[in-house]
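Visitor: Let me begin by handing over the structure; questions about it come next.
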Amino acid sequence: MSRNEKTLGELTRREGCLLCKQSCHGYQQHLWRKVCGGCGCRLADHAPGSDTEDDQRMGRLLADSPCSHLTTKVKGGGGLRVYKRNRMIVTNPDATRKDPTFQTTSYTWCPAGVSQTLALQYMSLLPEGGGAVWGEEGSLARRRRLQEQLPPHDVDPMLCQGLLSDQEISSMLLFVRSYKQEVLGVGEVAFAGEGGALMEAANQRSAKEAKDQGSTDTMAEETKRMCAGCGEGVTSESPAVFAERAGYHRNLWHPACFCCSECGQGLVDLVYFWSNHKLFCGRHFCQTKWPRCSGCDEVTITWRSWSELSFLCLKGALALEPVEMDVSVVSLLVLAGSLLAIPGLVFIAVYFLWPAALIKTYNWWSRWRLGLQVRCVFWGDYRFCYSQRGTPGSSPSLLLLHGFSANKDMWLPLMKFLPEQQHVICVDMPGHEGSSRTGPEDYSIQGQVHRIHQAVGLDRQPFHLVGSSMGGNVAGVYAAQHPKLLAGLTLICPAGLVVPRDTGFVRLLKEMKERGELRPQDVPLIPSNSQQMEDMLRLCCHNNVSLPRQILKGLLASRLPNNDFYSQVLLEITSEQSVSSLQDNLHLITAPLLVIWGKDDQVIDMSGASVLQEAHPTCQVALLEHCGHAVLLDRPRKAAQILTDFLSAQEVHSSTKKHS
1 MSRNEKTLGE LTRREGCLLC KQSCHGYQQH LWRKVCGGCG CRLADHAPGS DTEDDQRMGR
61 LLADSPCSHL TTKVKGGGGL RVYKRNRMIV TNPDATRKDP TFQTTSYTWC PAGVSQTLAL
121 QYMSLLPEGG GAVWGEEGSL ARRRRLQEQL PPHDVDPMLC QGLLSDQEIS SMLLFVRSYK
181 QEVLGVGEVA FAGEGGALME AANQRSAKEA KDQGSTDTMA EETKRMCAGC GEGVTSESPA
241 VFAERAGYHR NLWHPACFCC SECGQGLVDL VYFWSNHKLF CGRHFCQTKW PRCSGCDEVT
301 ITWRSWSELS FLCLKGALAL EPVEMDVSVV SLLVLAGSLL AIPGLVFIAV YFLWPAALIK
361 TYNWWSRWRL GLQVRCVFWG DYRFCYSQRG TPGSSPSLLL LHGFSANKDM WLPLMKFLPE
421 QQHVICVDMP GHEGSSRTGP EDYSIQGQVH RIHQAVGLDR QPFHLVGSSM GGNVAGVYAA
481 QHPKLLAGLT LICPAGLVVP RDTGFVRLLK EMKERGELRP QDVPLIPSNS QQMEDMLRLC
541 CHNNVSLPRQ ILKGLLASRL PNNDFYSQVL LEITSEQSVS SLQDNLHLIT APLLVIWGKD
601 DQVIDMSGAS VLQEAHPTCQ VALLEHCGHA VLLDRPRKAA QILTDFLSAQ EVHSSTKKHS
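Heads up: the sequence shown at position 423 corresponds to 423 in UniProt numbering, and the numbers run straight through without jumps.
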């Protein structure tokens with residue numbers, strides 16, 4: 001049986017439509033759309049299924065996420081997990097009757113890990129029809145919201161009929177794994193003054209940090225308890241909802257305000273997706289990342305707004321085809337002209353509406369033109385993304401490590417001028433672009449060295465390591481810790497040194513750290529608007545970078561969703577353990593060393609080159625005129641020439657050494 005046939009059979013149910021009532025005789029799954037084949041209404045309008053099936057779907061969603069403790073394994077289920085749904089039965093005596101009788105109310109769901117008193121207070125604060133789940137009607141309403149907010153086909157690719165290739169299925173699996181690890185969460189209910197069990201652990205950590213910094217502030221001040229939804233106050237004795245991913249100390253919500261920021265519905269079972277400082281239900285979070293097909297309701301991971309199956313008649317199985325007609329020569333010319341105009345219209349639309357997509361397309365085209373192929377490798381659950389050209393040969397391969405908040409495409413200007421036969425690998429540093437985001441332990445310099453070492457294969461032949469800025473810091477520490485793996489080392493304006501002269505940028509960082517006010521949003525390398533983006537380019541480049549306003553918006557749009565991550569990385573690489581890690585490891589570097597530095601670097605002063613030369617007198621130093629910190633943008637041709645000459649000289653030296 002095919003994947004689609006199995007899915008269609010499983011989804012055929014006899015529940016009537018909640019909208020059509022008696023006119024619908026039961027839900028009959030349409031061949032490819034998520035609607036009833038009988039009445040045309042949505043799957044959620046029939047609320048098909050049972051409590052057991054709901055718990056299984058929730059178990060699949062929460063499995064392999066930080067919320068997996070809310071699930072349990074099914075015996076003999078081959079690793080299948082089921083949701084441990086919390087139920088509650090409230091019994092109250094009926095004082096209006098002579099005989100002792102009791103009234104019972106059964107809740108098909110209530111918040112986990114709370115007392116009955118708190119659960120009842122929480123339920124009483126929910127709006128009418130906004131989440132209270134008692135009785136048959138409440139259970140049906142909950143099941144309907146589960147279908148609407150957490151579509152099963154957004155979790156299980158095997159329920160998606162629009163994924164037409166193994167590559168699309170793999171991409172969907174990676175997308176699901178990514179959001180489970182990075183944005184999925186389950187809210188916790190507690191009194192605003194208490195915060196729940198998870199908050200207690202957070203309090204212990206932050207109390208230790210506050211003690212170390214001599215801070216006397218407490219996050220439990222009455223004035224700071226403000227609902228993140230409506231902005232009104234929340235008293236200590238009132239139930240509130242906390243979200244771990246939003247930060248226990250920063251955000252809490254009234255029970256009625258814990259809603260999706262897109263559709264405004266109360267989040268079913270408190271399941272939320274935290275992205276861009278907003279709460280989303282599963283449906284609308286997925287739609288912020290990929291278009292959703294208007295026909296089959298599936299996310300289309302290839303940027304199609306309709307899947308191919310959806311271009312079929314709703315009531316039949318015939319493809320929609322053009323009708324044959326007589327067309328005059330003039331009509332043909334008009335049609336041809338229209339077709340020729342379509343690419344131009346598409347470009348104009350993308351340029352003004354989706355400039356970030358235009359930049360991604362340009363990078364894809366540049367990689368294709370340069371012969372670079374994007375690949376991923378896995379170390380357990382950890383994904384490392386990289387682009388590659390060529391295969392390992394007799395000469396050492398090049399492994400390129402980019403700088404802070406950049407990605408593998410940073411090296412595209414350099415790649416234009418490197419020999420085509422040179423085997424080159426450009427990696428996404430931990431957490432950047434396509435590589436997995438885990439935690440701070442992987443974002444420190446030592447953590448990045450560890451992850452790079454896990455990913456390195458290169459047939460275990462000695463390779464040449466190149467690092468720029470933060471990547472230069474990582475490359476230097478890697479060379480010190482794994483000297484036998486390297487044939488050479490190139491550092492381009494590396495961080496991690498104690499330089500004789502500080503730039504204005506470094507002085508700003510030091511002043512903020514001394515005041516204890518190192519706020520990443522105030523750092524020029526993490527822009528949050530177009531003007532700050534322009535200032536960042538002016539700081540990093542010596543040459544005047546004059547970009548159209550739309551391109552600046554595109555660059556900014558591609559960075560904004562990652563600003564929280566960049567802030568976390570910045571705090572790690574400027575910590576005491578990482579800020580001078582290259583300086584601390586200089587004496588352990590034995591590989592032939594090339595240093596390239598822009599004389600007009602405003603981020604890290606070029607005097608750092610003298611520090612490297614003093615530690616390694618035999619190293620080759622190239623100071624580039626009319627060049628800032630972004631060497632690859634200011635002088636890519638010159639940098640490629642210096643690197644190529646250095647590699648050739650090392651190869652000649654190695655060959656001479658072998659013959660002698």
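No residue lacks a Cβ here, since even glycine has one placed at the ideal position from N, Cα and C.
Please report how far the alpha carbon of Gly403 lies from the alpha carbon of Glu298, in whole angstroms.
Guide: So the alpha carbons of these two residues sit roughly 36 Å apart.
Visitor: Use the C-beta contact count for Val652: other C-beta atoms within 10 angstroms, 16 or more gives buried, fewer gives exposed.
Guide: By the neighbour-count rule (16 or more Cβ atoms within 10 Å), Val652 is not buried but exposed.
Visitor: Which residue wins for smallest C-alpha separation from Asp381, given the options Gln103, Lys180, Gly608, Phe273?
Guide: Taking only the C-alpha atoms, the option nearest Asp381 is Lys180.
Visitor: Mapping the DSSP letters down to three states, classify Thr618 as helix, strand or coil.
Guide: Three-state result, Thr618: coil.
Visitor: In whole angstroms, what is the alpha-carbon distance linking Tyr107 and Thr91?
Guide: Looking at the two C-alpha atoms, the distance is approximately 11 Å.
Visitor: Beta-carbon within less than 7 Å of Met88's beta-carbon, same chain only, minus the 5 sequence neighbours each way: which residues are those?
Guide: Tyr107, Cys110, Gln116, Ala119, listed in sequence order.
Visitor: Verify whether the separation of the beta carbon atoms of Ile492 and Asn473 is less than 8 Å.
Guide: Cβ atoms of Ile492 and Asn473: not closer than 8 Å.
Visitor: Use the C-beta contact count for Thr300: other C-beta atoms within 10 angstroms, 16 or more gives buried, fewer gives exposed.
Guide: Under this definition Thr300 is a buried residue.
Visitor: Could you give the DSSP three-state label for Trp364: helix, strand or coil?
Guide: In the structure shown, Trp364 sits in a helix (DSSP, three-state: H, G or I).
Visitor: Going by DSSP in three states, Cys540 sits in which element: helix, strand or coil?
Guide: If DSSP states are grouped into helix, strand and coil, Cys540 belongs with the helices.
Visitor: Name the DSSP beta bridge partners of Ser50, please?
Guide: In the DSSP output, where bridge partners are listed per residue, Ser50 has none listed.
Visitor: Run the proximity test for Val466: is its beta-carbon closer than 7 Å to any non-hydrogen atom belonging to the ligand MN?
Guide: Among the ligands in the structure shown, none appear at all, so the ligand MN cannot be discussed.
Visitor: Nearest CA to the CA of Glu182: which residue from Leu594, His626, Asn562?
Guide: Of the candidates Leu594, His626, Asn562, the one whose C-alpha sits nearest the C-alpha of Glu182 is Asn562.
Visitor: When DSSP labels each residue in this structure, what does Gln577 get in the three-state scheme?
Guide: Three-state DSSP puts Gln577 in coil, outside helix and strand.
Visitor: With a cut-off of 8 Å on the beta carbons, I'd call Gln454 and Leu539 a contact; round off their distance for me.
Guide: About 33 Å; that fails the 8 Å criterion.
Visitor: Note the first and the last residue of the continuous alpha helix (DSSP H) segment covering Gly504.
Guide: Per DSSP, Gly504 belongs to the alpha helix (DSSP H) from 504-514.
Visitor: For Gln373, does the three-state DSSP call read helix, strand or coil?
Guide: It is a strand residue.
Visitor: Does Ala220 come out as helix, strand or coil in the three-state DSSP assignment?
Guide: Summary for Ala220: the model assigns pLDDT 41, below 50, so the residue's position carries little reliability; its value from the coordinates is reported in the next sentence. Note: Ala220 maps to coil in three-state DSSP.
Visitor: Give me the residue from Glu572, Ser528, Pro355, His587 with the minimum Cα distance to Pro548.
Guide: Selected option, being the one with the closest Cα: Pro355.
Visitor: Give me the Cβ distance between Val374 and Arg367, rounded to the nearest whole Å; I'm assuming they're in contact under 8 Å.
Guide: Sure, about 7 Å apart at Cβ, within 8 Å.
Visitor: With a threshold of 16 other CB atoms inside 10 Å of the CB of Pro239, please say whether the residue is buried or exposed.
Guide: The residue is buried, with at least 16 neighbouring Cβ atoms inside 10 Å.
Visitor: Roughly how many angstroms separate the alpha carbons of Glu625 and Ile551, rounded to a whole number?
Guide: Those two C-alpha atoms are separated by around 28 Å.
Visitor: Should Asn251 be labelled buried (16 or more other beta-carbon atoms within 10 Å of its own) or exposed?
Guide: Asn251 comes out buried.
Visitor: Looking at the structure shown, is Cys227 part of a helix, part of a strand, or coil, going by DSSP?
Guide: Strand at Cys227.
Visitor: Determine the DSSP secondary structure at Leu252, reduced to helix, strand or coil.
Guide: Here Leu252 sits in strand by DSSP.
Visitor: Just mark Asp645 as buried or exposed, buried being the case when its beta carbon has 16 or more other beta carbons within 10 Å.
Guide: Its Cβ having fewer than 16 others within 10 Å, Asp645 is exposed.
Visitor: Enumerate in chain order the residues of its own chain whose CB-to-CB distance from Leu62 is below 7 Å, with the five nearest sequence positions on each side excluded.
Guide: Same-chain partners within the cutoff: Ser68, Leu70, Thr71, Tyr83.
Visitor: DSSP three-state call for Glu625: helix, strand or coil?
Guide: In this structure, Glu625 counts as coil in the three-state DSSP scheme.
Visitor: Thinking C-beta only, is Leu593 closer than 8 Å to Cys619?
Guide: Yes, Cβ-Cβ distance for Cys619 and Leu593 is below 8 Å.
Visitor: Under a three-way DSSP split, which group does Leu632 fall into?
Guide: Looking at Leu632 - three-state DSSP - the assignment turns out to be helix.
Visitor: Taking 7 Å as the limit between beta carbons, can you name the residues of its chain near Gln213, skipping five residues before and five after?
Guide: Residue placement at Gln213 cannot be trusted, given a pLDDT of 47 that sits under 50; what the coordinates show is reported in the next sentence. Same-chain partners within the cutoff: Gly516.
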